[in-house]
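Throughout the sequence shown, residue numbering follows my numbering, covering 581 to 888 in sequence.
Backbone N, C-alpha and C define an ideal beta-carbon position, used for all residues, glycine too.
Read through the structure below, which is laid out as structure tokens, and then see the notes.
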Amino acid sequence: MAGNTSLVDFEFERQSDEQIFTVQVLVMIFLCINLLLITTFFQKQCFYATTRYILFAVSLLSDSLLLFLSDILLLLTHYNVVIQVWLCVIICVVTLVYTTVTPVTLTAMTLERYVAVCMPLRHGELCSTRNNVNIVLFIHALSSVPCIVILSTIFGSASLKFYTQFQLCAVELLFIYLWQHHLRSVISQFYFLIMLIPVVISYVKIMKVAKAASGEDKQSSRKGLRTVALHGFQLLLCLIQLWCPFIEAAIVQISFTLFHNVRYFNYILFYLVPKFLSPLIYGLRDEVFFHALKKYVSFGLYKGNNIG
581 MAGNTSLVDF
591 EFERQSDEQI
601 FTVQVLVMIF
611 LCINLLLITT
621 FFQKQCFYAT
631 TRYILFAVSL
641 LSDSLLLFLS
651 DILLLLTHYN
661 VVIQVWLCVI
671 ICVVTLVYTT
681 VTPVTLTAMT
691 LERYVAVCMP
701 LRHGELCSTR
711 NNVNIVLFIH
721 ALSSVPCIVI
731 LSTIFGSASL
741 KFYTQFQLCA
751 VELLFIYLWQ
761 HHLRSVISQF
771 YFLIMLIPVV
781 ISYVKIMKVA
791 KAASGEDKQS
801 SRKGLRTVAL
811 HGFQLLLCLI
821 QLWCPFIEAA
831 IVQISFTLFH
841 NVRYFNYILF
851 YLVPKFLSPL
861 IYGLRDEVFF
871 HALKKYVSFG
881 LYKGNNIG
């Protein structure tokens, strides 16, 4: 019996190591792709003077930071590395803020496409260089509100001694009481519902314009329609991601092995996949950006061959 238990533990540990290795490979691939796209963004002045590309860069930076921090937390947990709670709080605060920044940015990108297709004469006014800075600041301010509310409940319910303890770092560590979990869920789902409404409205409005348009306008409208649809799909994945902790909390009561596998599946499908869609939507589907990316990569390879 003891031998069978040891064999099961060994098999579970081997599977866990394989999953961690797979995640590291995927995270490195996504981070390298994002780094390449961010570098391309700064190569041309027209990109960081255009709203759609600025929002794209914000999305890339947000996703990259989230991937990096979540991977650190994953490795710390996997190898049972404990840190002081105050440091964990800082990491988790940044993670919580940028978890919201990503979908808020997606909503802003959707609205930008709506203005470009349905209100082309006002696009230059609403998406001016001056407004770009205000849009980015507004995105971060709006994304910080849920975190501020949650933090106020945490600071009010934990003693100073709690922050000097050494523990495994996880976002769940910050929620001492069950009602804090529920509060976080309610705030997050309210935010995502509010964000989903303009995406749906924009899709319907652009669809009407696409039906009425002709020639190049029709092609442009259809492309905007597909972009908004992809943003909606990203938001849906982000919304499902909010439900994952509650599903996992129920499964862990049944089987820890099943919980481990479900958590791995959720991380791949609802955390990594949405991060991959942003480069796909604007990095590859956008002709101007793709041309700049291709030119930058070709120049890098040419320069590398000359050095070699």
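For residue i: DSSP bridge partner residues
i	result
L748	V662
Residue i to residue j span [Cα, whole Å]
i	j	result
N714	I634	12 Å
S739	L817	36 Å
L656	D866	38 Å
L852	N846	9 Å
D597	T679	26 Å
I670	P726	15 Å
K874	L857	19 Å
T631	T709	8 Å
Q760	C707	38 Å
L819	L606	22 Å
K855	A721	22 Å
I827	C672	21 Å
T620	Y844	32 Å
Q623	F869	11 Å
L717	V751	25 Å
Q604	S650	11 Å
F755	I734	7 Å
V877	T837	43 Å
S737	Q833	26 Å
T585	Y743	Its pLDDT being 46, under 50, T585 is placed unreliably in this model, and the value from its coordinates should be taken loosely. Whole-angstrom Cα-Cα distance: 37 Å.
N711	S782	20 Å
K791	V766	38 Å
P683	S835	32 Å
I848	K741	36 Å
Within 8 Å, strictly: CB atoms of residue i and residue j
i	j	result
L646	T675	yes
G804	R693	yes
H658	I609	no
S732	T685	no
L611	F636	no
M775	L815	yes
I719	A696	no
Q745	V681	no
L748	V662	yes
P859	N614	yes
T690	V779	yes
Reduced DSSP category for residue i - H, G, I as helix; E, B as strand; rest coil
i	result
M699	coil
F772	helix
K624	coil
S596	helix
D643	helix
D866	coil
Q833	coil
I786	helix
A582	With a pLDDT of only 47 at A582, under 50, the local geometry of the prediction cannot be trusted, and the value read off the model is given with reservation. A582 falls in the helix class under three-state DSSP.
Y678	helix
I848	helix
I756	coil
T685	helix
S723	helix
A637	helix
C707	coil
T602	helix
A872	helix
S739	coil
T630	coil
P825	helix
Exposed unless 16 or more other CB atoms sit within 10 angstroms - verdict on residue i
i	result
M699	exposed
I786	buried
F772	buried
T807	buried
A872	buried
V789	buried
R764	buried
C626	exposed
I777	exposed
I730	buried
Residue i at chain D interface by Cβ criterion, 8 Å
i	result
C749	Given the protein chain composition of this structure (a single chain), no chain D is represented.
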